[in-house]
Structure formats: C-alpha cells, structure tokens
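Quick note on my numbering: the sequence shown kicks off at 5 and runs consecutively.
We put the beta carbon where it would ideally sit given N, CA and C, even for glycine.
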Amino acid sequence: MKKRYLFLSIVLLIMGGFMIFSYLQPPIIEGQSANWKIKYEPRKGDEADSEKFPWIGTIKWKNFGEAKLIKIEQIVGGKTYPLFDGDMLKKGEGNFDGKTLIDNETYYNPPPKTELKQSTYYKITWMKDGKKTSEKIKLQWKKRFFVKPLF
5 MKKRYLFLSI
15 VLLIMGGFMI
25 FSYLQPPIIE
35 GQSANWKIKY
45 EPRKGDEADS
55 EKFPWIGTIK
65 WKNFGEAKLI
75 KIEQIVGGKT
85 YPLFDGDMLK
95 KGEGNFDGKT
105 LIDNETYYNP
115 PPKTELKQST
125 YYKITWMKDG
135 KKTSEKIKLQ
145 WKKRFFVKPL
155 F
C-alpha cells in the first residue's frame, strides 16, 4: 500500500512540476472563429534561422471540405495591412494546402505584449460553394499547460 502512495505522489509531483514549467514558458498567440483557428507559437530554429526559437503560425480551416482563400489581412488599431493574397494563397503554390496555411514571417519574432492589447484582428476572406465570406478573428496572448520543451 505504501508503494502505491509513493508511486502516486511521485507521478503527481512530476506532473505538477511539468505544469509549472509549462506555465512559465512564453505564451502563444491564438484566435478562433466558427470557421478558422489561428495559432502562433515558438518552434526550434535550424541553421537557416537567425533566431534560436523563431515563431511559426498556422491558420486552419475547421470545417469539412476545402476553402479557397482570397485574402488575409491584419487589422491593428484600425489600420489594415495585407498579409496574403493572390498567388500566395493558391492551393499547392504557396503555403496553403486547402485546409492549413503556414505563416513563417508575420510573427517571426514574437510581438511585444502591448501590441496585442490593442485591437489586433485577422480578417480572412474565402470562397466556399460559390459564396464569398469574411470573418474577423481577434488575436490574444494565451498561457498554456503541458508544453513540449524546445531544447
């Protein structure tokens, strides 16, 4: 019986330590709507990167089938900046495979924490079943638990 309690307390101690380690890691940037999920997080850099832990973003279509992206814009404090449009969003030509867009450039270095406290949105315009639709997605900092270490 004592071995069981010892094993259980060791497991709980390890899980608690890992949760604390994870919580102390840098937060990620997230936002989602009914149709899209946006996530920017640090990744392990390689020799081609100028940073040890550059950030990578994914913009994912959450529904069935594939969407045809028309453009993605970033809105910061009421000003609109184009991020992706035209050929960059064609399936197979850029970083878009019909469901997921990989963004290695927008937040290569994490933005200052004050930047997202302003009104920062992504406006995604896409075509699905012949219907053109747009959505605004607010980006926010998010702390996380159970983070995979980037040694």
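In the structure shown, what three-state DSSP assignment does S138 receive?
-> Position 134 of the sequence shown holds residue 138. It is a strand residue.
Which ranges would you report for the beta strand (DSSP E) in the stretch 22-80 if only whole runs of at least 3 residues count?
-> Entirely contained in the stretch 22-80, the beta strand (DSSP E) runs reaching 3 residues are, in chain order, 32-36, 40-46, 59-65 and 72-80.
Alpha-carbon spacing of T124 relative to I14, whole angstroms = To locate residue 124, count along the sequence shown from 1; it is residue 120. To locate residue 14, count along the sequence shown from 1; it is residue 10. Taking the straight line from one Cα to the other gives about 43 Å.
Measure the CB-CB distance between L164 and I63 and report whether it falls below 7 Å.
-> Because residue 164 is not part of the residues shown, which for the chain are 5 to 155, the question remains open.
Do the CB positions of G49 and E55 come within less than 7 Å of each other?
-> As a working note, residue 49 is residue 45 in the sequence shown. As a working note, residue 55 is residue 51 in the sequence shown. A distance below 7 Å separates the beta carbons of G49 and E55.
Please determine if the stretch 65-78 and the stretch 11-25 are in contact, where contact requires at least 3 C-beta pairs separated by less than 8 Å.
-> The stretch 65-78 makes no contact with the stretch 11-25: fewer than 3 CB pairs, one atom from each, lie closer than 8 Å.
How would you call L143, buried or exposed, if buried means at least 16 neighbouring beta carbons within 10 angstroms?
-> Within the sequence shown, the letter at position 139 stands for residue 143. Classification of L143: buried, given that the 10 Å Cβ count is 16 or more.
Cα-Cα separation, K152 to K43 | Residue numbering aside, residue 152 sits at position 148 when the sequence shown is read from its first letter. Residue numbering aside, residue 43 sits at position 39 when the sequence shown is read from its first letter. Computed Cα separation, rounded: 16 Å.
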